[in-house]
Every structure is written in C-alpha cells, then in structure tokens.
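In mature numbering (1 follows the signal peptide of the UniProt record, and there is no 0), the protein residues as written are -19 to -1, 1 to 787.
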C-alpha cells in the first residue's frame, strides 16, 4: 500500500509516459525554504520548474519548490544547507545534489560543497577578493567554475583536487582535504557506499533489493528509504564489515562485494564523546568493563572469542585497546569478554548530560489515547505511524530531517520519543517521518466521537460520596475509559475515592477540575483524565495509597468489528512472556488459549476468522484426535476463565506440509465476535517484515519467575533480519527462510513454554497483522538467542485454500 501511494504522488509531478525525473535532484515532500533569493513562475509540471532553474542567470539556482495544487514553481538560490527548512503542505522541494554533497568525484572539478579551509587549517580567501593575494581565477573570468565565497574549488582541473587562495600572506594557495565520494570506493565499512558495483567477491550477480527471488529478505527499499537500496547494487544496511548483497544463486543467500577503499580520509562522523548519546556509536571513552563486571577482550585479539569486529574490518569505529564500542549499530556500546563462557555483553556508559537522581513522584502512568479531540494539541498518546504507514522520526533527532520542533523549543507540547503530536496548532497530530523524501505527514489517528452519554455532568463538589444504586447499562467504559462519566467512586479494593478538588489525605495539583476542565472530574467519581491504559482511577482516601484503579466494566459496542483492530488499545510496555508486562484486558482479542479437554492450558493460538484458529503444529503432538482439544476465547485470566469467555471444541486439524511448525484448527462452531473476541489480520502473501520492526507477542506461558502466572502478558520485540539472526554468535544458521527472528539480543524479554502457537503481531497501516506463530528458541530470554517464529506470510495461500475447501 505504501508503495502505491508513493507512485501516485510521483504521477502528480510527471508527464505521461516518463519515468522518475530529476536524478540529479534530491526530492523532499512537505518541505519549504523561506527568506531566500527566489523567483516565482506558473508551471504545469515539475520538468518546467527544472527548466526554469537551469535557465536562471541572475543567481545560481540550487533548488526549487513545486506547488501541485497551485500549479506554481519557485526557484531559489538557497538550499537546506544554507536556509532553514520549514514544513508546509502541498509543496515538494527539489534540491540539486551537487550543492548538497561535501565529497568529490575524481579530481573534484565538479565539487560545489562549502569546505573553506585548507589541509593545514588555513581559512580560504574569497575568490572575488584581491588581498592578500591577487587571484588568476575569479568569478567573472570563470563563471562556470562555482567560484563562490571562499569555498574550495578546482577551476584549473588540478590533478591533486580542490584548492583555494589562503588568507595567509605567506601562503598563496593550498589544497583542501575534500573526501572522495563513495561511488566507486568506500570509506570505513561502506555504510554510505553509493556506487553501482553489483557482483560479489566470487563474481556472482546480485539479487535486486526489491525482489524476493531467489531469496526472501526484510531489506525492502520502501521500508529502508535512507539505505539507498537501489537496483541490485552492493550496500551495507546492517553494519557488516563491508557492502554485500543477496545473490542470484539459490544456493548462496548472500556474499560480500569487493569494494576498494577510498584513498582520502572519510568525512567527520560528528564529535567523539566520552559519554553515551543515542546508540553510543560516537563513544570514545576508556570504559573496558561490561555491565556484569567482566573485563573486555581486546578488539585485535581472537582469544577467547574469534570474531570479525576487528580494527581492520571496522577502521572508523575507534576499536582501540579493549574499550567498549558500538561498531555495528547495536543498541549501545558493548565488547567481547575475557570469559570463555560469555561471548559478549553490553557496557554501562554514563549518559551525556545526565543529572543526579531525584526523588520519584508517584503519579498515574502516561496517557495513551485512541483518538484526539479538537485539533489534537492535547493528544498525549503513543501512536507513531503516519497516514501512509511511515514510522515517525524522534522529536529530539535531526536525522533524517533537521527541524526546530524540539522538546527544548516546545516544552509544553510533550514531544516525547517519536509520538504523534501537534506542537504548532495544525489541523491534527503529525510527525516528521523516517523517510528522507517525505519530511512530515499527519498521523493515522481518528478524531474522538462525541456522544450524549459521555458529556460531562454538572457541578462539582469536594464532598466525597458513594453511589449505592446499582450501575446502569451506561455505567461502563469503552477502550481505556477516557470518556467514562459514570458514578463509581471506589477502587478495585473497595477503598473510597478522594474528591478531585480535595487536597487531603493526598496533596496534588496535577489532576483537578481547573487543570482538566473537560475530563469530568466531578466529586470523587472514578475518571481517566490522562488516558491511562489500565482504565479509570482516582486518588484514594487511604493515606498510604496515593491512587488506585477502579473496576469499570467494558461496554459492548453495537458497531462492526474489523480484523486487527482491538476495542481496547494495547498499552505500550517497555519491553509467559519473560520480562514483559501485563496486557490491558482484551487489548489482544485474537489471543486464544489451547487446552486439553480437561481445561489445562498448554499452548496459545490466534483467531484469524470466526471459525478458524492458527497455532503451532508441535502443539498438536499430544493427540491426533480433534476432540482432545478445546479453544477458549475472550480470556484475560488463565484460571478460572471469566464468565464471558467462549469455550469451543475443535472439529478438524490441518498441519502444513514439509514439517512446518504451523497448523489450522477449525472450530465446532463460529466464535461470537464482540469487543473481547476479534480476529487478527493475515499478511499479504510472502510479505517480509522489515528488520527492527517492533512487534508484539502475547501469552500465558512460563515467566521464569519474572511475574506470577495467571493474567495475559505481552512483550514488544524487534524483528531481526534472518541474515543477522543466522550469524555465528546468535542462532548460527538454524533459522529457515520460512521463519523469522524477534527479540532483544541483550536478553531478558522473550516468549517461553506455554506461549507456543501464540501470535506475533505487528502494527501496519492502522491494524495489527499476524506475522509470526511462536515456534522455538534456545532457552527463554537468553542473551544473543532471540525467539523464532513461523513466518505466516509464507503460508497465506495454504491457509486460504484450507479455509475455502473445508
């Protein structure tokens, strides 16, 4: 779907019958450059804009903007390197790549970057100046050589590269240290290699990145727009020692490419730090001990652990001595250890700008919302997906888009992580995207509906009260109960609620009728002013208990139910699902419990249609008779099942061929689809989940002591590309192409025994899609041993055929 939308946008700017235009330009949707030298023209196509830019003689045209709806073009002397970029609707910014590049090809005759110092650090003299040196090369004599300001240039085609006249009277000119562009050579490990080599070291032709034949993989160009995965060119998207590619040889999944190293030093990668910032890739401190206290192995040593993370393979990563480093894009610095029993471990590095710990104030958890009110300026949910399915860029990040909407500049806008927000009063919440070609988009959020039952009641008072009348049909909640306006005023333990206007026994100033006038904070009624995923709550009259949750039942909605769309939004916990968190009741309504006919839970499964459940084949080894199994739906508690749970027998069982660990169960009768029982969506045939996509696994399995059994648990796990998962230090080639890996390599979070057959779902375009069936692992939550799941997209045709014919 995302690809189709991108194609449609391109068609708006193309003439009929033409391919993608302007290869020499960088295109960014939703970006504009204010306060620059510019000219405006009428234009019916982006090509007309390009022609106007190329024809301009009064100034050097470095960029232009195209306004599709207004049929207008603006050409400009500025670009994003010299002017502030702002977000704007219905505009596409095109910038000449040559003026954005800070590297040279060949001898740098075409270099148009902004470097203005020589190799020895002397500032360059302006080309138009006559002091301290009278130049032979001036802008008037050589108008086509880009002799602007005091930038390094090569107007005389010098074989040694760009140079400039210097501001030192004793030194007339000197060469500049402009790095080579990574087109036919590579710096460091080739992370930025942009060339067209498309054969491996053994001479095998590379498989196109957009193709899934002969090898299925997760590195889709549409999902990794900043990795430049073009055609079948060798690239390094995952931190290997050098560029590589999947091959066209069915018996050789991937291989390194032979890319020569550039002869000039690489461009600076940013300041080297003595503290932790981001993933710590620029950390150059001297800590050489892991978080458990083990001494680090030297990077140039192969004992006790053999490895390829050597200074030779990763020349730009500061692999000095045995210091903790992050050469390959892990979540934080790490090292191999000198213990033969533990191959590697993360290090504990102090964060940059960290402050002394402060006394923690107990407040209700952060708000999670399913919708927004008004224009969404008050939205404080955790949605981070745009209307076209793109992932949001973190507000504190400047990659891929530089901007001024930062937490420091907008302290009241709650610009946390990459959550959708509306800091500038636009029509609805939005975010910058992780796609370099799309600066920003509105988020995939719906506006909250206003119905008569959820309007605030009248006058408030500070006198606590208890409503002794039986709850009416409307005394229930939808979702997390943000709009609940009932009269319950006791917590789940029966404690009376403190009035919202009262300051005893608990003094608070956060949630009051004045600060949250639309939250219905009347009397001492249970409410959810912050969108807590656990539901309505209140401050309590117990001096030893600041707040507690209320037991509000869910309302049954009369509207239809779509696959993959729970009526209760799942909470976003950080990390028996080992090391996860309790699920919000009924937030994963496709989760089923597979039981013996005596009621014992032993596996999980996923409802994919009213009468069909998907599970793992190994869960059915107890018996070949369908009557031996029962399926329980709508559960939150494992035992005893809630009164509203549905228990249905199994009519038939179908196992996939070739010993695949996946099976279909046909139920004796269709399940009753309601707010607690909703099917998950199936993926597209052969869809490959991109590397590092955050997905969710749920179940009642073994927690290995991390929490008591009984309630449904969940954990968020990043998908790990099979090529990475099959490395020696992880699962060493054991993962098939019909399987996928997911987990935190540091360990501590995983599915486990009893979770088998359960779902791994990923959020895609406003719904949860079943991408994996919990299958196997080497232990539970062990470091470097992620869990393995059957890749559902490989069996969609089989699933549909079984359901159609049975």
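Where is the CB? At the ideal position from N, CA and C, for every residue including glycine.
Could you please give me the residues that DSSP links to residue i through a beta bridge?
i	result
residue 699	675
residue 655	658
residue 791	The question about residue 791 has no answer, for the chain in this structure spans -19 to 787.
residue 574	585, 613
residue 257	332
residue 694	563, 680
residue 134	144
residue 272	Partner(s): none; residue 272 has no beta bridge.
residue 9	74
Can you give the beta carbon distance from residue i to residue j, rounded, assuming they're within the 8 Å contact cut?
i	j	result
residue 754	residue 596	7 Å
residue 470	residue 505	5 Å
residue 667	residue 775	7 Å
residue 306	residue 299	6 Å
residue 221	residue 700	The pair is not a contact, with the Cβ atoms about 18 Å apart (cut-off 8 Å).
residue 163	residue 243	7 Å
residue 698	residue 706	In fact, because the Cβ distance is near 12 Å, the residues do not count as touching under 8 Å.
residue 217	residue 262	No, residue 217 and residue 262 are not in contact; Cβ-Cβ is about 14 Å, not under 8 Å.
residue 478	residue 544	Wrong, their Cβ atoms sit about 38 Å apart, outside the cutoff.
Would residue i be called buried (16 or more neighbouring beta carbons within 10 Å of its own) or exposed?
i	result
residue 679	buried
residue 412	buried
residue 461	buried
residue 379	exposed
residue 652	buried
residue 57	buried
residue 157	buried
residue 104	exposed
residue 404	buried
residue 591	exposed
residue 491	exposed
residue 59	buried
residue 579	exposed
residue 115	exposed
residue 624	exposed
residue 36	exposed
residue 231	exposed
residue 669	buried
residue 253	exposed
residue 135	buried
residue 170	buried
residue 283	exposed
residue 184	exposed
residue 797	In the structure as shown, the chain begins at -19 and stops at 787. Residue 797 is therefore absent and cannot be evaluated.
residue 255	exposed
residue 333	exposed
Could you have a look at residue i and say whether DSSP puts it in helix, strand or coil?
i	result
residue 778	helix
residue 598	helix
residue 785	helix
residue 742	strand
residue 625	coil
residue 21	strand
residue 186	strand
residue 720	strand
residue 78	helix
residue 525	coil
residue 86	coil
residue 793	Nothing can be reported for residue 793, as the shown portion of the chain is limited to -19 through 787.
residue 715	coil
residue 55	strand
residue 297	coil
residue 590	strand
Heavy atom of the ligand HEM less than 7 Å from the Cβ of residue i, yes or no?
i	result
residue 23	Looking for the ligand HEM in the displayed structure turns up nothing, as the structure carries no ligands at all.
Is there a Cβ of chain B sitting closer than 8 Å to that of residue i, yes or no?
i	result
residue 548	Here chain B cannot be found, since the structure has a single protein chain.
*Are at least three pairs of beta-carbons, each pair with one atom in the stretch 273 to 291 and one in the stretch 237 to 244, less than 8 Å apart?*
no
*Would you say the stretch 306 to 323 touches the stretch 259 to 271, given that touching needs at least three Cβ pairs under 8 Å?*
yes
*Within the chosen definition, does the stretch 639 to 653 reach the stretch 599 to 619 through at least 3 CB pairs nearer than 8 Å?*
yes
*Counting Cβ pairs, one atom from each stretch, are 3 or more of them under 8 Å apart for the stretch 398 to 407 and the stretch 355 to 370?*
yes
*Should the stretch 56 to 72 be regarded as contacting the stretch 121 to 137, the criterion being three or more beta carbon pairs within less than 8 Å?*
no
*Segment contact flag, the stretch 138 to 149 with the stretch 103 to 120, C-beta cutoff 8 Å, min 3 pairs*: yes
*Cβ pair count under 8 Å reaching 3, the stretch 561 to 574 against the stretch 710 to 727*: no
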